[in-house]
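K.L.:
Here you go, one structure.
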Amino acid sequence: MAVEEGVARAADTSDGESVHRLKPNAVGLLGVVFMAVATAAPITAMTGNVPFMVSSGNGIGAPASYLVAMVVLAIFSVGFTSMAKHITSTGAFYGFISYGLGRTAGLASGLLATFAYVVFEPALIGIFSTFATTTLKDQTGVHVPWWAFAILMLAINATGTWFGVSVAEKLLVVLLGTEVTVLAAMAVSVALHGGGPHGFTFAPVDPVNAFKGTSAGLGLFFAFWSWVGFESTAMYGEESRDPKRIIPKATMISVLGVGVFYVLVSWMAIIGNGEAEAVKAASSANPLAMFFNPTERYVGHWAVDVMQWLMITGSLACGMAFHNCAARYLYALGREGVLPSLKNTIGRTHARHGSPHIAGLVQTGVSAVLIAAFWIAGKDPYNALYVLLAILGTMAILVVQAVCSFAVLVYFRSHHPESRHWFRTFAAPLAGGIAMLAVVVLLVSNMSAAAGPESGSLLLKATPWLVALVAATGVGYAQYLKRWAPERYALLGRTVLEETKER
138 MAVEEGVARA ADTSDGESVH RLKPNAVGLL GVVFMAVATA APITAMTGNV
188 PFMVSSGNGI GAPASYLVAM VVLAIFSVGF TSMAKHITST GAFYGFISYG
238 LGRTAGLASG LLATFAYVVF EPALIGIFST FATTTLKDQT GVHVPWWAFA
288 ILMLAINATG TWFGVSVAEK LLVVLLGTEV TVLAAMAVSV ALHGGGPHGF
338 TFAPVDPVNA FKGTSAGLGL FFAFWSWVGF ESTAMYGEES RDPKRIIPKA
388 TMISVLGVGV FYVLVSWMAI IGNGEAEAVK AASSANPLAM FFNPTERYVG
438 HWAVDVMQWL MITGSLACGM AFHNCAARYL YALGREGVLP SLKNTIGRTH
488 ARHGSPHIAG LVQTGVSAVL IAAFWIAGKD PYNALYVLLA ILGTMAILVV
538 QAVCSFAVLV YFRSHHPESR HWFRTFAAPL AGGIAMLAVV VLLVSNMSAA
588 AGPESGSLLL KATPWLVALV AATGVGYAQY LKRWAPERYA LLGRTVLEET
638 KER
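Laid out in C-alpha cells, this is it:
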C-alpha cells in the first residue's frame, strides 16, 4: 500500500468504503518488540509474581514453570505468526479469527480482546499507584494519595497515544531498558559470585519441579500470566515497516527473549538467597525481600533503591502499552462501523499523527470510571483494582488465544492450502489451542487463591460470567447484523492492510 510516510490517509475496505488508517512505517522491529515486552512488564512479573509462586505455588520450581510456559507459548506462536504472514490488521485476533472461523466468532473474540485490554489499563494503574505511594513515603517521607498517581498515569497514557506510536515507543524503550538492566545486574552478580550461599543448584530449572509444590497449577498460571500482552505484536502491523517480516520475528523474540530472561532472573533470585531462604523470604510479610536481599548482597543497597523506583516506571510502561492496545482494538471495531456512530468517532485517526486519538480518549474515560468506582467503594488499589481486573482481563485474553489457535487450523485449510504445513499450520496451533484451554482451566480453578484478600469479592465470582456475557454479546450482535444489516456484517474483521499469500 503506497502511503506517504507520516500521513494517515484513508484507505478502502472490501466494499470500497474508505476508512482512516493508522500512520504507516512508524515503528520497526525493535519498536514492536519493546511495545510487546512492555505489556509483559518484566520487573512487575518478577517482583510481583515470583514470590507468590514460590510461597504458594510450586516453590523453588517457579523458574521451571517459566520454562514450561515458554515452550507452550512458543508452540502457540508458531501458528499465530504463520497467520500474521498473511493478514496484517490492527485488530489482530479480531481479524485473524474473522478470517479463520467466520465473522460471528471474530466479533465475539474481538469484543473479548477489547474488553481484556480495556480493563488491563486500570489494573496496571492500580499497581503503579501502590508502588508510587509506598516508595515515595518510604524513601522521602512524603505521603501522596494513590488516586493522585492514578490521575497522573491516565494523563501520561492519553498523551502518549495522542501523539502516535513512535512517541510511545521512545518512552517505552527508556523505561523498559532500565528495569531489565537492574534485574539483569542482580542475576549476573549472583552468577559471578558462584550462585549464592549454597552455590549453583539446578532443581529450580528442572521441568519436573514445575508440577510439584503446594499448588503447581497456581504456579503455572502465574507463569503464563507473566506473558500476557506478548501477542500485541500483531496489532502494530499496520504501523510497522514490512509487517509480514517484522511481526512474526517480533512475536518470537518477545516469547523466547522474555522467557529466557524470566527463567534466568527467577533462578538467580532463588539461588542468590538459597533455596530454603528464598521460600522463607517469599513467605514473609515483605515478599519483595526475595529480590531485594540478593540485590543488596551482590550489587549494593543503591540497587535496591533503584529497583523500587523502577517497579514504578515498569508498571507505568506496562500500563502505557496496554492503553495503546486498548485504543487500537477500539479503533479497529470503530472503523468498521460495528455501531454506525463509531466510524466517525473512535474509528478516526489523527490527521497529523495518524494515531487512534479519539479511541485513546475513550479508553482513558473508561479507565477513569473504573478507577473511580473502586475508589468510591473504598477498595485497595493493589488487592482489588489490580488483582481483580488483571484476573478478569487474563481470563478473557486466554480464551481468545485458544480460539485463535483453532482459527489458524481452519484458515489455512480453507484459504491457503498451498501454505499448509503439518507442524506450522496443524500440529502447533492444535497443541497451542489445547494448552491455552488448559491454562484457562488453571485460572478458573485457582482464582480464589490468586485473588488473595479479595477471594470473596463479587467481581471475582462474576468473572467467568462476565467473560461469557461479552462473548455472547458478540455472537448475538453479529447474528443481528447478519440478518438486519448484511452490508455491515460483511465488513466484520475485513478491514486489513492486506490479505496475501505467504511471501
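Numbers given in the working numbering equal positions in the sequence shown, counted from 1, plus 137. Even for Gly, the Cβ is constructed at its ideal location relative to N, Cα and C.
Comparing alpha-carbon positions, which option in Gly198, Gly502, Ser594 and Pro554 lies nearest Ile528?
P.N.:
Nearest C-alpha to Ile528: Ser594.
K.L.:
So the candidates are Val537, Leu629 and Asn461; which of them puts its Cα closest to the Cα of Ser492?
P.N.:
The residue with the shortest Cα to Cα distance from Ser492 is Asn461.
K.L.:
I'd like the list of long-range same chain contacts for Glu624, defined as Cβ closer than 6 Å, with 5 residues on each side in sequence excluded.
P.N.:
Nothing listed; no residue qualifies.
K.L.:
Is it the case that the Cβ atoms of Pro334 and Ser504 are separated by a distance below 7 Å?
P.N.:
Their beta carbons are not under 7 Å apart, which means Pro334 does not touch Ser504 by this criterion.
K.L.:
Is the beta carbon of Phe459 closer than 7 Å to that of Thr176?
P.N.:
In contact: Thr176 and Phe459 (Cβ atoms closer than 7 Å).
K.L.:
Do you know offhand how far Arg640's Cα is from His552's?
P.N.:
Here Arg640 scores only 35 on pLDDT, less than 50, and its place in the model is too uncertain to base an answer on.
K.L.:
If you run the structure through DSSP and keep just helix, strand and coil, what is Arg620?
P.N.:
Helix.
K.L.:
Tell me the rounded alpha-carbon separation between Gly336 and Ile408.
P.N.:
Their Cα atoms are separated by approximately 7 Å.
K.L.:
Taking just the CA atoms, how far does Thr225 sit from Tyr626?
P.N.:
Those two C-alpha atoms are separated by around 20 Å.
K.L.:
Answer with buried or exposed for Phe339, where buried requires no fewer than 16 other C-beta atoms within 10 angstroms of its C-beta.
P.N.:
Its Cβ having fewer than 16 others within 10 Å, Phe339 is exposed.
K.L.:
If distances are taken between C-alpha atoms only, which option among Leu425, Gln445, Gly165 and Arg631 comes closest to Arg652?
P.N.:
Residue 652 is absent from the model: the chain starts at 138 and stops at 640.
K.L.:
Could you pull the start and end residues of the alpha helix (DSSP H) that Leu425 belongs to?
P.N.:
Per DSSP, Leu425 belongs to no alpha helix (DSSP H) and is neither H nor E.
K.L.:
State the Cα-Cα distance for the pair Leu261 and Ala588, rounded to the nearest angstrom.
P.N.:
Looking at the two C-alpha atoms, the distance is approximately 15 Å.
K.L.:
By Cβ distance below 7 Å, which residues in the same chain neighbour Val499 in space, the five residues on each side in sequence not counted?
P.N.:
These residues qualify, in order along the chain: Leu467 and Ile483.
K.L.:
Label Leu592 either buried or exposed according to how many other C-beta atoms from any shown protein chain fall within 10 Å of its C-beta, with 16 as the threshold for buried.
P.N.:
Going by the sequence as given, residue 592 is Ser instead of Leu. Flag for Ser592 reads exposed.
K.L.:
What's the C-alpha gap between Ala321 and Arg550?
P.N.:
Cα to Cα, the separation comes out at about 44 Å.
K.L.:
Drop a sphere of 10 angstroms on the beta-carbon of Met276, count the other beta-carbons inside from all chains shown, and report buried for 16 or more, exposed for fewer.
P.N.:
The sequence shown places Gln at residue 276, not Met. The residue is exposed, with fewer than 16 neighbouring Cβ atoms inside 10 Å.
K.L.:
Under 8 Å, with one C-beta from each stretch per pair, do the region 615-623 and the region 248-257 reach the 3-pair mark?
P.N.:
As far as the Cβ criterion goes, the region 615-623 does not touch the region 248-257, which means the pair count is below three.
K.L.:
Enumerated in chain order, which unbroken segments of the alpha helix (DSSP H) with a length of 4 residues or greater are wholly contained in the region 391-454?
P.N.:
With a minimum length of 4 residues, the continuous alpha helix (DSSP H) runs that stay inside the region 391-454 are 412-419 and 426-435.
K.L.:
Under 8 Å by Cβ, that's how I've got Lys199 and Pro341 pegged, so tell me the actual separation to the nearest angstrom.
P.N.:
The sequence given here places Ala at residue 199; Lys does not occur at that position. Right, their Cβ atoms sit about 7 Å apart.
K.L.:
Just the Cα atoms here: how many angstroms apart are Ser303 and Lys417?
P.N.:
The straight-line gap from Cα to Cα measures roughly 44 Å.
K.L.:
Would you tell me roughly how many angstroms separate the C-alpha atoms of Gly196 and Tyr254, rounded to the nearest one?
P.N.:
Using only the alpha carbons, I get a separation of about 30 Å.
K.L.:
Apart from the five residues on each side of it in sequence, which residues of its chain come closer than 6 Å, Cβ to Cβ, to Val187?
P.N.:
So the list reads Ala199 and Ser403, once near-sequence residues are dropped.
K.L.:
Figure out for me which residue from Val506, Ser235 and Ile513 has the closest Cα to the Cα of Ala469.
P.N.:
Nearest of Val506, Ser235 and Ile513 to Ala469, Cα basis: Ser235.
K.L.:
Please work out which residues of its chain come closer than 6 Å, Cβ to Cβ, to Ala269, disregarding the five sequence neighbours upstream and downstream, and give them in chain order.
P.N.:
Answer for Ala269: Phe286 and Ile449, listed in chain order.
K.L.:
Could you round the C-beta distance between Ile390 and Val170 to whole angstroms and report it? I think they count as a contact, below 8 Å.
P.N.:
Correct: roughly 5 Å between the Cβ atoms.
K.L.:
Between Ile293, Gly243, Arg158 and Trp283, which lies nearest to Cys455 when the distance is taken from Cα to Cα?
P.N.:
Nearest option by C-alpha distance: Ile293.
K.L.:
Considering only residues of the same chain and omitting the five flanking positions on each side of Glu412, which have a CB-CB separation below 8 Å?
P.N.:
Cβ within range, chain order: Ile197, His335, Thr338, Ala340 and Pro341.
K.L.:
If I'm right that Trp284 touches Thr531 with Cβ under 8 Å, what's the distance once you round it to whole angstroms?
P.N.:
Going by Cβ atoms, the distance from Trp284 to Thr531 rounds to 24 Å, so no, they are not a contact pair.
K.L.:
For the alpha helix (DSSP H) that Pro590 lies in, which residues bound it at each end?
P.N.:
Neither: Pro590 is in no alpha helix (DSSP H) and is coded neither H nor E.
K.L.:
Given this structure, state the Cα-to-Cα distance separating Phe429 from Tyr435, to the nearest angstrom.
P.N.:
Approximately 10 Å between the Cα atoms of the pair.
K.L.:
For a test of the three-state rule: what should DSSP assign to Ser266, helix, strand or coil?
P.N.:
It is helical.
K.L.:
In chain order, what residues of the same chain lie with their CB nearer than 8 Å to the CB of Arg620, ignoring the 5 residues before and after it?
P.N.:
Same-chain partners within the cutoff: there are none.
K.L.:
Can you tell me whether Ser352 is helix, strand or coil according to DSSP?
P.N.:
Coil at Ser352, not helix or strand.
K.L.:
Does the Cβ-Cβ distance between Gly185 and Gly356 come in under 7 Å?
P.N.:
Contact: no.
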